[in-house]
Amino acid sequence: MEITNQLKNLNSKKLLAKNSIINILGNLIPITLAIIVIPIIIHHLGKERFGILTILWAIIGYFNLIDFGVSRSLTKIISEKLAISDSKIIPIISNTAFLFVFCLSIVGTIILLLLSKWLVFIQFQISEQLREETLYSIYILAFSIPFTALTSSLKGILIAYQKFLFINIQQMLLSSIMFLSPLIIILFSKSLTPIILILFLTRIYVFFNYLNYTNKNLFSINRKAEIKPNLIKEILKFGGWLTVTNIIGPIMVYMDRVIMGIWIPVKFLIYYSSIHEVVIKILVLPGAIMNVIFPAFSYTYAKNPDESLILVQKSINYLFIIVFPILLFLISFTKELINLWLGEDFLINSRLIMQILLIGIFINSIGQVYFSFIQGIGKPKTTAIIHMVELPIYLFLLWYAVQEYGINGAAYIWTFRVIVDCFLLIIITSILFMHKAYILTKLNYLYLFSLITLIIPFFINGLRERMVYFIIVLILTMLIHWKIILSKIDRIDIFKLIYSIKRSIKNKPREI
């Protein structure tokens with residue numbers, strides 16, 4: 078009975094709210110560090126080295142996201158097992174998946190090792206004196222793939238059990254070292270290799286932290302544990318399509334910098350990548366919330382499918398309240414913010430890029446809810462097919478846009494792709510729940526109105542006019558959202574959430 082109650086608590090509003098807060102707060106430190114540290118790194122490393130570093134960060138980011146779909150598959154399967162109180166099979170499934178991911182990650186390491194010289198000496202436009210350290214850095218990244226993929230699988234297990242305090246501590250460590258390691262190394266050397274080596278050692282440390290935590294608090298993950306190869310079929314039934322998504326999705330997220338590295342001298346890539354590196358981190362806000370809500374989608378859909386659509390509505394409502402004011406502020410005052418942060422050179426070359434990317438981030442924030450929902454209810458095939466159709470079109474358009482329009486073209490195509498992606502996900506969700514699609518209608522009108530209000534500051538030059546516009550639009554949009562979009566229950570839940578935030582500040586949160 079006690080175990081059953083504990084499992085039910087995994088889907089409680091109080092726990093979901095608390096874990097969302099923990100996830101958001103856990104991502105604020107790395108974002109703050111990035112804003113502070115990037116100008117210093119650029120000054121000491123120089124434009125070309127920093128451009129190469131951002132490509133290496135993109136490779137790290139790619140393999141951080143790619144775990145062949147097993148992580149999210151484990152989250153879904155374990156959430157469903159917990160929902161029906163069938164927890165005995167969970168350790169066997171987890172150990173089987175762990176071995177499977179290890180074997181696949183070794184293949185990933187070999188592939189990157191084989192491609193490294195081709196990338197450095199043939200594809201990327203890198204100065205000859207920087208090629209050797211870039212090559213050694215990619216070698217190090219290749220050997221980090223198994224630790225990255227296995228950590229991701231362990232994270233998928235812990236997400237199902239809502240262990241977000243531990244997850245965020247580890248994520249803060251990784252993200253902080255990513256920005257602090259260059260700051261430390263530039264005191265002694267300008268080489269990129271020791272920077273990447275520190276990141277590699279940190280990933281090994283974090284992997285063993287995850288492994289020890291799982292072994293001590295949940296169940297044993299080790300080579301002597303029971304493994305059933307036939308369970309791989311169950312994992313791949315959901316995770317197989319996720320593998321497609323987890324390979325293609327990160328390509329579309331990070332390939333822009335790789336293609337620019339091929340067609341544009343790396344020293345010019347800095348005007349795009351420095352902005353992208355910080356701005357894209359706004360997506361940790363919807364990502365943090367979706368990591369919490371994803372197992373709740375699976376749990377709720379298993380109990381009551383129609384109720385899960387209500388959870389989608391609530392997720393978007395709360396996410397909009399968090400993300401829209403931030404994006405409206407950043408778009409309205411892009412000119413002043415870039416000039417203050419990176420200087421006039423970047424203001425001239427990066428202002429439009431930042432505004433375009435911020436529009437894409439608004440759309441992508443909404444799309445992440447639908448994306449997580451469709452996967453959470455057991456339809457990863459749908460998202461995989463969307464990505465398979467999008468990938469060749471996106472790469473062709475990106476390739477063309479970078480050649481013809483440079484770094485601005487890459488920003489336009491990235492944003493265009495996420496708009497199409499979000500539109501398709503909304504259509505599919507409406508088709509799947511046609512009898513309940515009216516629930517999302519008001520939200521869709523709000524998206525369109527909000528998108529228009531975010532584009533208008535592109536054409537307002539004066540600072541005073543933009544300040545007035547920002548205040549009026551923010552108040553108007555929030556009033557519409559509060560009075561028309563949110564239900565009475567939603568408004569009560571928000572007051573409860575604010576109250577829980579106050580309590581979280583006063584009382585140190587505990588793992589559940």
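Just so we're aligned, residue 78 is where the sequence shown starts under my numbering, counting upward by one. Every residue gets a Cβ at the ideal spot worked out from N, C-alpha and C, and that includes glycine.
**OP:** Return the CA-CA distance between Phe572 and Tyr348, expressed in angstroms with no decimal places.
**Re:** 42 Å
**OP:** Rounded to whole angstroms, what's the CA-CA distance from Phe473 to Trp318? Just pull it up for me.
**Re:** 23 Å
Subject >> Helix, strand or coil at Ser266 [DSSP, three-state] >> reply: coil
**OP:** Helix, strand or coil for Gln247, going by three-state DSSP, please let me know.
**Re:** helix
Original post:
Under 7 Å between the Cβ atoms of Val400 and Glu125?
Top reply: no
**OP:** Can you give me the start and stop residues for the alpha helix (DSSP H) that Trp559 sits inside?
**Re:** Careful: Trp559 lies outside any alpha helix (DSSP H) and carries neither H nor E.
**OP:** Classify Glu209 as buried or exposed, calling it buried when 16 or more other Cβ atoms lie within 10 Å of its own Cβ.
**Re:** exposed
Original post:
Closest to Leu523 by CA distance: which of Phe241, Ile430, Phe397 is it?
Top reply: Phe397
Original post:
Out of curiosity, what's the CA-to-CA distance linking Phe179 and Ala237?
Top reply: 21 Å
**OP:** Give me the Cα-Cα distance between Ile325 and Val545, rounded to the nearest whole angstrom.
**Re:** 42 Å
Subject >> Ile222 classed as buried or exposed, judged by whether at least 16 other C-beta atoms fall within 10 angstroms >> reply: buried
Subject >> Simplified DSSP state of Phe547, which is helix, strand or coil >> reply: helix
Subject >> Own chain partners of Ile569 with C-beta closer than 7 Å, once the 5 adjacent residues on each side are dropped >> reply: none
Original post:
For the alpha helix (DSSP H) that contains Asn172, what are its first and last residues?
Top reply: 167-195
Subject >> Closest residue to Gly123 among Leu475, Ile188, Ile387, Leu207 (Cα-Cα distance) >> reply: Leu207
**OP:** Between the Cα of Gln247 and those of Leu176, Asn426, Ile281, spot the shortest distance and give me the residue it belongs to.
**Re:** Ile281
**OP:** Work out the CA separation of Ile443 and Phe277 for me, nearest whole Å.
**Re:** 33 Å
Subject >> Burial state of Trp491, where buried means 16 or more other Cβ atoms lie within 10 Å >> reply: buried
Subject >> Completely contained alpha helix (DSSP H) runs for the region 332-417, where each covers 4 or more residues >> reply: 343-356, 361-380, 382-409
Subject >> Whether Tyr139 touches Tyr378 by CB criterion (7 Å) >> reply: no
Subject >> Between the CA atoms of Tyr290 and Tyr376 - distance to the nearest angstrom >> reply: 24 Å
Original post:
Is Tyr238 helix, strand or coil by DSSP?
Top reply: coil
Original post:
Does the separation of the CB atoms of Phe535 and Gln432 fall below 7 Å?
Top reply: yes
**OP:** Leaving out five residues on either side along the sequence, give the residues of the same chain with a beta carbon under 7 Å from the beta carbon of Ser204.
**Re:** Glu125
Original post:
How big is the Cα-Cα spacing for Ile129 and Leu563?
Top reply: 46 Å
Subject >> Given 8 Å, three or more beta-carbon pairs between the region 476-487 and the region 334-341 >> reply: yes
Original post:
Given that a residue counts as buried once 16 or more other Cβ atoms are within 10 Å of its Cβ, and exposed if not, what is Ser266?
Top reply: exposed
Subject >> Coil, strand or helix - Glu79 by DSSP >> reply: For Glu79, the predicted structure reports a pLDDT of 39, less than 50, and the residue's modelled location is therefore unreliable. A value from the coordinates is still provided. Three-state result, Glu79: helix.
Subject >> Spatial distance of Lys165 from Thr173 (CA atoms) >> reply: 14 Å
Original post:
Is Asp333 buried or exposed, if buried means 16 or more other CB atoms sit within 10 Å of its CB?
Top reply: buried
Original post:
Between Ile167, Leu501, Gly539, Met465, which lies nearest to Pro327 when the distance is taken from Cα to Cα?
Top reply: Met465
Subject >> Reduced DSSP category for Asn538 - H, G, I as helix; E, B as strand; rest coil >> reply: coil
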